[in-house]
Amino acid sequence: MSSSARFGPKSILVVDDDQSILDMTEDLLCEAGMQVTKSSSGEEALALAAERDWDVVLSDLQMPGIDGLDLLSEMRRRRPNTPVIIMTAFGTIQSVVDAMRAGALDFVTKPFGADELLVSLERAFERRALEEENRRLRQAVARTSSFGELVGKSPAMNEIYALIKKIGTNRSNILITGESGTGKEVVARTIHLTGARAGKPFVPINCTAMPEGLLESELFGHVRGAFTGAHANKKGLFEAAEGGTLFLDEIGDMPLSLQGKLLRVLQDHEVRPVGGTQNIKVDVRIIAATNQDTQQAIDKGTFRQDLFYRLDVIPVRIPPLRERSEDIPVLAETFLRKHSNDPRARFSEAAIRKLVRAPWPGNARELENCIERALALADSLEITASDILLPNESGTGNGSLQEMLVRLALEQRLSARELTDAYIEAALEAAHGRKSEAARILGMNRRTLYRREERGEVDRKAQAAIG
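Residues in the sequence shown are numbered consecutively from 16, following my numbering.
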């Protein structure tokens, strides 16, 4: 078989400050049926690389200005999928080691024969084809290992997919349980979209996000004059979700008095606006979710057992990420595609291994934040293990907060209250403003945290201390 038939129209960028080497290499490669672009310097090669890509870059090692190692490093950053072969007349062991560490695919020593160079190029073509196929397969797996907006291929996720298919057309209420960040709202939305109510509204509300009086008004609506500031009648979310689905997130944090009113709505399918005297019929499917142990909450008296029975007609449990680590690579790939503007972005194998080994207490939400941060920190289109900052590496853990606050107390002579307020502010900062996550860091009930904020109990001196 001829060289031309073996390789076809492959494109090669040859970089060398020796014109005779450029001409000789061009003749050899053109005879093999390849398309050759020549460059006499590293600077010129980088300018060319800004405009287009090649199947392989073949570069001299020792050149004035930008040498082969510098060019290799830049090519790995700009064109991580392009194999680079280094050629040199000074084939010392150290130069080979340096080139390979920098990411060279292969190394040929001048003067090289045609067969030696062509064998090296063939390896490069095969390597690139394999990497591109792997990338396509990862993306295909990400597409096929999903159900609606849900992503995962573990047995646990497949069970959830099967359950969703069964219950989508059912009218019964659903209670979704799972740790924070597992994707309870995504599951709820997927259930809604697969059922007969898909064309109707999906209305979510977080039951911890507002005080009791406001939550009641949001859910049931109010009439004009019902309370100070109620200048007009307002429909509640039950009416807004008419014919569709109302998603009650963190139902376990709903005040007991409101739980009783919600129970009556579930029994009678009617709501009464705050301050109103007339009931309004509603046709709404309820999907509720909580990250609490519901039986423990019932035993403690913070969650009504009769409401639990009304909601838990169809229970759906979402396992934490640590129980389905096989879903981490496909989730990571999905988040990479979501947040990267470049389709060539990819993970190194070491990065994937690091992601799979991590415990992810914040589950998919924490994983997504990690991927987004890694994309911002990465020096190239390939995300490496060093770009993956886990909580114990990024200094946002509980221990580091405590150390910081001890220093604050000593340096700025904070009172006990000011220190507590500073601790809360630091936790909110570490959680990027997510109050549920901040409460978890603090070991504080979320409603307690919300009440402190409502009453303005976060001291300005403490805020200034951490700012």
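Where is the CB? At the ideal position from N, CA and C, for every residue including glycine.
For residue 236, three-class secondary structure by DSSP: Indexing the sequence shown from 1 puts residue 236 at position 221. Strand at residue 236.
Given residue 294 as reference, the closest of 272, 327, 308, 237 once Cα atoms are compared: Position 279 of the sequence shown holds residue 294. Residue 237 is the option with its Cα nearest to residue 294.
Sub-7 Å separation of residue 183 and residue 217 beta-carbons: Taking the sequence shown and counting its residues from 1, one reaches residue 183 at position 168. Taking the sequence shown and counting its residues from 1, one reaches residue 217 at position 202. For residue 183 and residue 217, no; Cβs fall outside 7 Å.
Inter-stretch contact (C-beta, 8 Å, three-pair minimum) for the region 312-321 and the region 119-133: no
Close beta carbons around residue 41, own chain, < 8 Å, minus the five adjacent residues each side: Stepping through the sequence shown from its first residue, residue 41 is reached at position 26. The answer, listed in chain order, is 29, 51, 53.
Same chain, Cβ closer than 7 Å to residue 139, five either side skipped, listed in chain order: In the sequence shown, the residue the question calls residue 139 occupies position 124. If we look at residue 139 and ignore the five residues flanking it on each side, its Cβ neighbours are 71, 98, 100, 120, 121.
For residue 410, three-class secondary structure by DSSP: By one-based count along the sequence shown, residue 410 stands at place 395. With a pLDDT of 43 at residue 410, under the threshold of 50, the predicted position of this residue should be treated as unreliable, though the coordinate-derived value follows. Judged by DSSP in its simplified three-state form, residue 410 adopts coil rather than helix or strand.
Residues sharing a beta bridge with residue 102, DSSP: For the purposes of this step, residue 102 is taken as residue 87 along the sequence shown, with counting starting at 1. Note: residue 102 sits in a beta bridge opposite 75, 123.
Opposing strand residues paired with residue 264 [DSSP bridges]: Working through the sequence shown from its first residue, we reach residue 264 at position 249. Note: residue 264 sits in a beta bridge opposite 221.
Inside the region 358-396 only - alpha helix (DSSP H) runs reaching at least 4 residues: 364-372, 378-392
Buried versus exposed call for residue 358 [16 or more other C-beta atoms within 10 Å across all chains shown]: The residue you call residue 358 lines up with position 343 of the sequence shown. The C-beta of residue 358 has fewer than 16 other C-beta atoms within 10 Å across all chains shown, which makes the residue exposed.
Unbroken beta strand (DSSP E) run spanning residue 28, endpoints: As a working mapping, residue 28 is identified with position 13 in the sequence shown. Segment 26-30, the beta strand (DSSP E) holding residue 28.
Beta-ladder partner(s) of residue 300, from DSSP: Along the sequence shown, one-based indexing puts residue 300 at 285. Paired residues: 260.
Range covered by the alpha helix (DSSP H) that runs through residue 91: Here residue 91 refers to the residue found at position 76 when the sequence shown is read from its first residue. 83-93 is the span of the alpha helix (DSSP H), which, as asked, contains residue 91.
Continuous alpha helix (DSSP H) stretch holding residue 343: start and end: Mapped onto the sequence shown, residue 343 falls at position 328. Its alpha helix (DSSP H) spans residues 343-354.
Same chain only: Cβ atoms within 6 Å of residue 410, ignoring 5 sequence neighbours per side: What you label residue 410 is simply residue 395 of the sequence shown in a count that begins at 1. Low confidence applies to residue 410: its pLDDT is 43, below 50, so where it sits in the model is not reliable, and the reading given next is rough at best. Excluding residues within five positions, none has a Cβ falling inside 6 Å.
Proximity winner among 225, 370, 318, relative to residue 272 (alpha-carbon distances): Position 257 of the sequence shown, counted from the start, is the residue given in the question as residue 272. Measuring from the Cα of residue 272, the nearest candidate turns out to be 318.
Under the three-state DSSP convention, the category residue 328 falls into: On the sequence shown, position 313 is the one that residue 328 refers to. Note: residue 328 maps to coil in three-state DSSP.
Cα-Cα separation, residue 401 to residue 380: Position 386 of the sequence shown holds residue 401. Position 365 of the sequence shown holds residue 380. The straight-line gap from Cα to Cα measures roughly 20 Å.
Per DSSP, cross-strand counterpart(s) of residue 192: Start at 1 with the first residue of the sequence shown, and residue 192 comes out as number 177. Beta-bridge pairing links residue 192 to 305, 332.
Validate contact between the region 55-68 and the region 81-94 using beta carbons, cut 8 Å, 3 pairs: yes
Where residue 242 falls, given that 16 or more other Cβ within 10 Å makes a residue buried: Walking along the sequence shown from the start, residue 242 turns up at place 227. By the neighbour-count rule (16 or more Cβ atoms within 10 Å), residue 242 is not buried but exposed.
Cβ contact (3+ pairs, closer than 8 Å) linking the region 283-291 and the region 168-182: no
N-terminal and C-terminal residue of the beta strand (DSSP E) that residue 54 is part of: By 1-based counting over the sequence shown, the position of residue 54 is 39. That run of the beta strand (DSSP E) goes 50-54.
Three-way DSSP call (helix, strand, coil) for residue 165 in this model: Here the question's residue 165 lines up with position 150 in the sequence shown. Looking at residue 165 - three-state DSSP - the assignment turns out to be strand.
Test item: CB-CB of residue 382 and residue 355 under 7 Å: On the sequence shown, residue 382 is found 367 positions in, with the first residue counted as 1. On the sequence shown, residue 355 is found 340 positions in, with the first residue counted as 1. Cβ atoms of residue 382 and residue 355: not closer than 7 Å.
Among 197, 181, 232, 228, nearest to residue 211 - alpha-carbon criterion: To locate residue 211, count along the sequence shown from 1; it is residue 196. The candidate whose alpha carbon is nearest that of residue 211 is 181.
Which listed residue (374, 73, 324, 405) has its alpha carbon closest to that of residue 492: Because the chain in this structure spans residues 16 to 482, residue 492 falls outside the shown range and cannot be described.
Selected residue, minimal CA-CA separation from residue 55, among 44, 32, 74, 45: Against the sequence shown, residue 55 aligns to sequence position 40. Residue 32 is the option with its Cα nearest to residue 55.
Residues near residue 291 in its chain [Cβ-Cβ closer than 7 Å; skip 5 each side]: Within the sequence shown, numbered from 1, the residue matching residue 291 stands at position 276. Answer for residue 291: 238, listed in chain order.
Proximal residues to residue 303 (C-beta, below 6 Å), its chain only, five neighbours per side dropped: The sequence position of residue 303 within the sequence shown is 288, counting from 1. Cβ neighbours of residue 303 beyond the five flanking positions: 190, 263, 266, 326.
Residue 204, enclosing alpha helix (DSSP H) - first and last residue: As a position in the sequence shown, residue 204 is number 189, starting the count at 1. Element bounds for residue 204: 199-209.
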